[in-house]
Amino acid sequence: MEQFISLTLGGVVNGSVYAAFALALVLIWRSTRIVNFAQGSMAAATTFIAVAVIDAGGSYWLALVVALLSGLVMGALIERVVIRPVEGGPELNAVIVTLGLFVAIQGIVALVAGVDERAFVPPFSTVGYEVREGFTLLSLSRNSIWTVGAVLVTMLALIALFRFTRLGLAMRASAFGQEVARLLGVRVGRMLTLGWALAAAVGALAGMLIAGDVSFIGPTFMDTLIVFGFVAAVLGGLDSPIGAVVGGLLLGLALNYVRGYLDDSLLGMAALVILVVVLLVRPGGLFSTTAARRA
Amino acid sequence: MTEAHGSSAVGLSKAASGGGTATGTALLDVQGLSASYGPVRALDGVSLRAEAGRITAVLGANGAGKTTLLRTISGLVRPTAGRVVLDGQDITRAPVEAMVHKGMAHVPEGRGVIAELTVDENLRVGSLFRGKVGREEFDRVYDLFPRIAERRDNPAHTLSGGERQMLVIGRALLARPRVLLLDEPSLGLAPKIVAQIFGLVRQLVDSEGLSVLLVEQNARSALSVADTGVVLNLGRVVVTDDARTLAADEDLRHAYLGF
Numbered sequence: 001m002e003q004f005i006s007l008t009l010g011g012v013v014n015g016s017v018y019a020a021f022a023l024a025l026v027l028i029w030r031s032t033r034i035v036n037f038a039q040g041s042m043a044a045a046t047t048f049i050a051v052a053v054i055d056a057g058g059s060y061w062l063a064l065v066v067a068l069l070s071g072l073v074m075g076a077l078i079e080r081v082v083i084r085p086v087e088g089g090p091e092l093n094a095v096i097v098t099l100g101l102f103v104a105i106q107g108i109v110a111l112v113a114g115v116d117e118r119a120f121v122p123p124f125s126t127v128g129y130e131v132r133e134g135f136t137l138l139s140l141s142r143n144s145i146w147t148v149g150a151v152l153v154t155m156l157a158l159i160a161l162f163r164f165t166r167l168g169l170a171m172r173a174s175a176f177g178q179e180v181a182r183l184l185g186v187r188v189g190r191m192l193t194l195g196w197a198l199a200a201a202v203g204a205l206a207g208m209l210i211a212g213d214v215s216f217i218g219p220t221f222m223d224t225l226i227v228f229g230f231v232a233a234v235l236g237g238l239d240s241p242i243g244a245v246v247g248g249l250l251l252g253l254a255l256n257y258v259r260g261y262l263d264d265s266l267l268g269m270a271a272l273v274i275l276v277v278v279l280l281v282r283p284g285g286l287f288s289t290t291a292a293r294r295a
Numbered sequence: 001m002t003e004a005h006g007s008s009a010v011g012l013s014k015a016a017s018g019g020g021t022a023t024g025t026a027l028l029d030v031q032g033l034s035a036s037y038g039p040v041r042a043l044d045g046v047s048l049r050a051e052a053g054r055i056t057a058v059l060g061a062n063g064a065g066k067t068t069l070l071r072t073i074s075g076l077v078r079p080t081a082g083r084v085v086l087d088g089q090d091i092t093r094a095p096v097e098a099m100v101h102k103g104m105a106h107v108p109e110g111r112g113v114i115a116e117l118t119v120d121e122n123l124r125v126g127s128l129f130r131g132k133v134g135r136e137e138f139d140r141v142y143d144l145f146p147r148i149a150e151r152r153d154n155p156a157h158t159l160s161g162g163e164r165q166m167l168v169i170g171r172a173l174l175a176r177p178r179v180l181l182l183d184e185p186s187l188g189l190a191p192k193i194v195a196q197i198f199g200l201v202r203q204l205v206d207s208e209g210l211s212v213l214l215v216e217q218n219a220r221s222a223l224s225v226a227d228t229g230v231v232l233n234l235g236r237v238v239v240t241d242d243a244r245t246l247a248a249d250e251d252l253r254h255a256y257l258g259f
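The structure is reproduced here in structure tokens:
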């Protein structure tokens, strides 16, 4: 029982990290119908910028703000300069471009920061809470509470943005009906740029949280997360922020049970098995609402 | 199809607005517009005028260039020659997003509802560019179309074809346009609903002084509600005349309009 509780809590923590990453993928998919394979290396880049701030004597929180801002700028720039020319073209073009970006950004990070992994100090203690003598919940620490809380707050903020603000409505209109939105006077180009900027900022947050969770960073430290974040996003249907978070949590739980009851080495395979099964049973993801577009 | 108009108040108000093509001021003046899709020339020197308080029907067979004409006017297709003048202002090169600001609303073919948004959200998108818009303006659209008022919180993909057409026209009205471009509003709708929608457009034109450019394959219905008819064939204007004169011209009807 104790193991089960411990694995469950750990699963929630890992899952919220996958969820943050999935949220970033969903934001881009919603606005431009592109799966951004460069998300991981973009997040690695912003996390390295944050580390530079910390090295220069800044606090974790200042570094977090800088990471989010540099994410915003990087996302907007990438959309404007690299993605815009392939938008609306064959889907494969955009896929190849984001794959190219993935390699290029990772290379730049390695050139600037070096290829060695280095320690990353999380903002809060990672020591698990001691429930009673001899039973410590290793996976429940102050830092893991911060991680889960930050992701939940981000999800709620995004839902509020999309559902209750005029800007959010304009972004949704641009995502679902580009041409109609333009005819109605919505500056669709700006909305797409904003979608990428927001996504990269959420990705930057994911990078900071993951770095704190695993306590190290390197140019490739986000790579395994790409697979898990992608599976989480697909589980949730790729279109829904809530779906991304629920998908992330479910994946986190499932993988942690596999880790705890079976074996660590099965993680990657388990994620893919889950992906295949969900796609077989519900091809649109668990939260698909894209009921037949007839128009 | 046409009988529905003849007996209604809509038919009377049409008579009151008077026929003839020479009266009124041209709100939208299209001058020698040409457009191509690659090597295929879709429009070839099309000129027409749409006046305030009048419906101008653009007719012709499939592939005559009707939809391309509207898409070129609103900037979705860039012309290779010619000018589009709205209220004396040259808008030929203006971006698509700017058209509603200039008082022109384009309802595209295929009932451009945004299926994933609710009915109410669709309407709100139509008023976004104006900043804050009072609830009473939405209520007026819902009064006009009670059928969509009942379904305001439903996703738009649950609407029927006729309801979608009502929604997009209502949405266009929230932009407070002076010129309304309607692309095939009758497509796939039952004759009764077509008559209802055309009757409503007529009422709006008469009461608000709107200018409507109505693209239609359904020439008989369109001519019954329009003031002026423009017949396109292979991207060229074949004839421009009073709608009743066109409807009475048997040769023309047989050659281009198919009824």
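Listed in order, the protein sequences are those of chains P and Z.
Residue 219 in the UniProt record's numbering sits at position 219 of the first sequence, and the numbers go up by one each step.
Residue 127 in the UniProt record's numbering sits at position 127 of the second sequence, and the numbers go up by one each step.
We put the CB at the ideal spot given by N, CA and C, even for glycine.
Restricting attention to alpha helix (DSSP H) runs no shorter than 4 residues, the stretch 60 to 116 of chain P encloses them at 60 to 78 and 91 to 113, ordered along the chain. Spatial neighbours of P/Tyr18 in its own chain (CB-CB distance under 6 angstroms, excluding positions within 5 residues in sequence) are listed in chain order as Phe228, Gly229, Ala232, Gly248, Leu251 and Gly252. Judged by pairs of C-beta atoms under 8 angstroms, the stretch 96 to 113 of chain Z touches the stretch 177 to 184 of chain Z, as three or more such pairs exist. Chain P places a beta carbon closer than 8 angstroms to that of Z/Ile114, counting this residue as a contact. Within chain P, no residue has its CB atom less than 7 angstroms from the CB of Z/Phe138, the nearest being about 14 angstroms off. Closest by C-alpha distance to P/Ile78, out of P/Gly11, P/Ala201 and P/Phe287, is P/Ala201. Of all residues in the stretch 185 to 206 of chain P, those with a C-beta nearer than 9 angstroms to a C-beta of chain Z are Gly185, Val186, Arg187, Val188 and Gly189, reading in chain order. The beta carbon of Z/His254 sits no closer than 8 angstroms to any beta carbon of chain P. Contact between P/Val109 and P/Ala45 holds, since their C-beta atoms are separated by about 5 angstroms, short of 8 angstroms.
By the neighbour-count definition (other C-beta atoms within 10 Å, threshold 16), Z/Ala190 is an exposed residue. For P/Thr136, the enclosing beta strand (DSSP E) begins and ends at Phe135 to Leu137.
Here the stretch 69 to 76 of chain P does not lie against the stretch 253 to 272 of chain P, with fewer than 3 beta-carbon pairs under 8 angstroms apart.
Distances from the alpha-carbon of Z/His254 to those of Z/Arg83, Z/Gly112 and Z/Ala61 put Z/Ala61 closest.
By the 16-neighbour rule on beta-carbons within 10 angstroms, Z/Glu163 is buried. Neighbours of P/Val180 in chain Z, taken as residues whose beta carbon is under 7 angstroms from its own, are Pro108, Gly112 and Ile114 in chain order.
Counting other Cβ atoms within 10 Å of its Cβ, P/Gly212 reaches 16 or more and is therefore classed as buried. Assigned with DSSP and collapsed to three states, Z/Ser160 falls in coil, not helix or strand. Taking a cut-off of 8 angstroms on C-beta distances, the stretch 70 to 82 of chain Z does not touch the stretch 114 to 127 of chain Z, as fewer than three cross pairs fall below it. Under the 8 angstroms criterion on CB atoms, Z/Glu216 is classed as non-interfacial with respect to chain P.
Within the DSSP secondary-structure output, P/Leu194 pairs in no beta bridge. Within the DSSP bridge table, the entry for Z/His106 names Z/Leu181 as partners.
Residues of the stretch 118 to 137 of chain Z with a C-beta less than 8 angstroms from any C-beta of chain P: Glu121, Arg124, Val125, Gly126, Leu128 and Phe129, listed in chain order. Sequence-distant partners of Z/Pro95 (beyond 5 residues in either direction) whose C-beta falls short of 7 angstroms from its own C-beta, in its chain, are Gly75. Each residue's CA atom was taken as its position, placing P/Arg80 and P/Met191 some 11 angstroms apart.
Here P/Val277 is exposed, its C-beta having fewer than 16 other C-beta atoms within 10 Å. Contact with chain Z is found for P/Gly177, since one of that chain's Cβ atoms lies less than 8 angstroms from the residue's Cβ. Around the C-beta of Z/Asp183, 16 or more other C-beta atoms lie within 10 Å, and the residue is accordingly described as buried.
Partner residues in the beta bridge of Z/Arg41, as assigned by DSSP, are Z/Ser36.
The beta-carbon separation of P/Ala20 and P/Thr154, rounded to 7 angstroms, stays under the 8 angstroms limit for a contact.
Going by DSSP, Z/Asn233 is part of no alpha helix (DSSP H) but of the beta strand (DSSP E) stretching over Thr228 to Asn233. The beta carbon of P/Leu72 sits no closer than 8 angstroms to any beta carbon of chain Z.
Closest by C-alpha distance to P/Val35, out of P/Ser144, P/Ile145, P/Ile96 and P/Leu194, is P/Ile96.
P/Glu117 and P/Val273 have their alpha carbons spaced roughly 30 angstroms apart.
At a cut-off of 8 angstroms between beta carbons, Z/Ser207 makes no contact with chain P. Annotated three-state conformation of Z/Leu27 is strand, per DSSP. The beta carbons of Z/Leu28 and Z/Arg49 sit closer together than 8 angstroms.
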